[in-house]
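Protein chains in written order, with the working numbering: chain A, 1 to 196; chain B, 1001 to 1196.
A quick write-up on the structure given underneath.
2 protein chains.
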Amino acid sequence: MPRSGEDARRRLQQAALELYSERGFEETTAAQIAARAGLNPRTFFRHYPDKREVLFDGEADLRAALVREVIEAPEDLAPFEVLLGAFRTAARILEDNRPFSEPRLQIIAATPALRERELAKHASIIEALAQALRRRGQNDRLAALAAQTGWATFQAAADAWIEDPSQSLQAHLDQAFDDLHTLSAATRPRVTCPEN
Amino acid sequence: MPRSGEDARRRLQQAALELYSERGFEETTAAQIAARAGLNPRTFFRHYPDKREVLFDGEADLRAALVREVIEAPEDLAPFEVLLGAFRTAARILEDNRPFSEPRLQIIAATPALRERELAKHASIIEALAQALRRRGQNDRLAALAAQTGWATFQAAADAWIEDPSQSLQAHLDQAFDDLHTLSAATRPRVTCPEN
């Protein structure tokens, strides 16, 4: 479906977000979402299999964008530099779309059924990122570790941004990767400079 | 239920693990698990609400053990030292129980319905670890980041252990935290020693 399908999806997403905020996810039906969007209930199910999926419409695009960034990043970059670059792009998308993305993240965080779906989506993004890093020649173990911990860092930054919107998500992202470095330094013998 | 309840639970877990391995999770019913364990189907549902939960019996204990370790760790330890200590204890439990824990992890990884339940359990462990770190005086942001990335590192180590059992989980765990430090060093300006 070209233009009109896209428009219907956007209206359904906006209507779902409003109704989940106003009366809660459990209290809202797909038919009510369709009505709020000025559409037929059947139209809802033509676009989404259930009332959870309507809030995850952008996840497949996000995953594809992240994978593309990882694969196309300059060859000499280290795994975390590659991931940080990809997350910066994702952060820009979330920030440009803040009136939608902020309440969306809040509702997901507060609703167990949505949180569960989100966790499954994230697991699939982590797997895709690990695979993309392997395509860059990273070994299995490091690719998996970088994807898991890198994504966890991005998530911590997104949570911090929801808590404290006075700073940009980009700023929270840089801060989180800096903090991760400081945290992880503690489990290693300190490197000291030679005295001479 | 004291002794006999514990015995029934152990038999149900073992039977579930066997049947999920032999014929798959979707193909197995709670009644079949009970029969294999030499028990009545009603006994199954007295212990577990569904056939997913039977493989997550130890998760609440694991979470409680991790939280206790974090809270009781020496005051002067940094967050990742505290978490690594707690994960070492968890690793010991998993290793001592390898004949059960290894096929369990394999079945979960291969079964979407179990994987989804596992992700929800992990989210609750991450939240509990973050809370325990906050009780040690860590600020919200760092506590959340350390819990999320620390847990991701533990998971990467557990996955690596399943792939490569020639090394202990403890060894994989130390390796993963070392690797994380190396990975995260790349996103920071390098600290160089002053020349004199």
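Glycine is no exception: its CB is placed at the ideal position from the N, C-alpha and C atoms.
Annotation for Thr-43 (chain A): the continuous alpha helix (DSSP H) segment containing it runs 41-47.
Going by DSSP, Arg-52 (chain A) is part of no alpha helix (DSSP H) at all; its letter is neither H nor E. Listed by position along chain B, the residues whose Cβ is nearer than 7 Å to that of Asp-179 (chain A) are Leu-1142, Leu-1145. Contacts between Ala-120 (chain A) and chain B, judged by CB atoms closer than 9 Å, involve Pro-1112, Arg-1115, Glu-1116, Leu-1119 in chain order. For Pro-74 (chain A), the closest Cβ of chain B is not nearer than 8 Å.
Leu-66 (chain A) and Ile-107 (chain A) do not touch by the CB rule: their CB atoms are close to 23 Å apart, not below 8 Å. Contact check for Arg-1011 (chain B) against Ala-1030 (chain B) fails: the beta carbons are separated by 8 Å or more.
Taking the C-beta atoms as reference points, Leu-39 (chain A) is found no nearer than 8 Å to Phe-100 (chain A). Contact annotation for Thr-153 (chain A) against chain B: Leu-1145, Gln-1148, Thr-1149 [CB-CB distance below 8 Å, chain order]. Counting the other CB atoms within 10 Å of its CB gives Pro-112 (chain A) a total below 16, which places it among the exposed residues.
A residue is called buried once 16 or more other Cβ atoms fall within 10 Å of its Cβ, and Ala-1109 (chain B), having fewer, is exposed. Residue contact check for Ser-101 (chain A) against chain B: no CB pair falls below 8 Å. Using a Cβ-Cβ cut-off of 8 Å, Leu-1183 (chain B) counts as an interface residue toward chain A, since at least one Cβ of chain A sits closer than that to its own.
Neighbours of Thr-187 (chain A) in chain B, taken as residues whose beta carbon is under 9 Å from its own, are Ala-1078, Phe-1080, Glu-1081, Leu-1083, Leu-1084, Asp-1174, Phe-1177, Asp-1178, Leu-1180, His-1181 in chain order. For the stretch 40-58 of chain A, the beta-carbon criterion of a distance under 8 Å to any beta-carbon of chain B is satisfied by none of its residues. In terms of CA proximity to Ala-1128 (chain B), B:Ala-1144 leads the group B:Gly-1137, B:Arg-1117, B:Ala-1144, B:Leu-1114. Within the model, the alpha-carbon separation for Arg-1098 (chain B) versus Ala-120 (chain A) is close to 27 Å. Under the 8 Å criterion on CB atoms, Ala-158 (chain A) is classed as non-interfacial with respect to chain B. Scanning the stretch 75-130 of chain A for uninterrupted alpha helix (DSSP H) segments of 4 residues or longer gives 79-96, 98-110, listed from N- to C-terminal end. Pairwise C-beta distances place the stretch 1151-1169 of chain B in contact with the stretch 148-168 of chain A, as three or more of them are shorter than 8 Å. Setting aside the 5 residues that flank it on each side, Phe-45 (chain A) is surrounded in the same chain by Ala-30, each with a C-beta closer than 8 Å to its C-beta; the list follows chain order.
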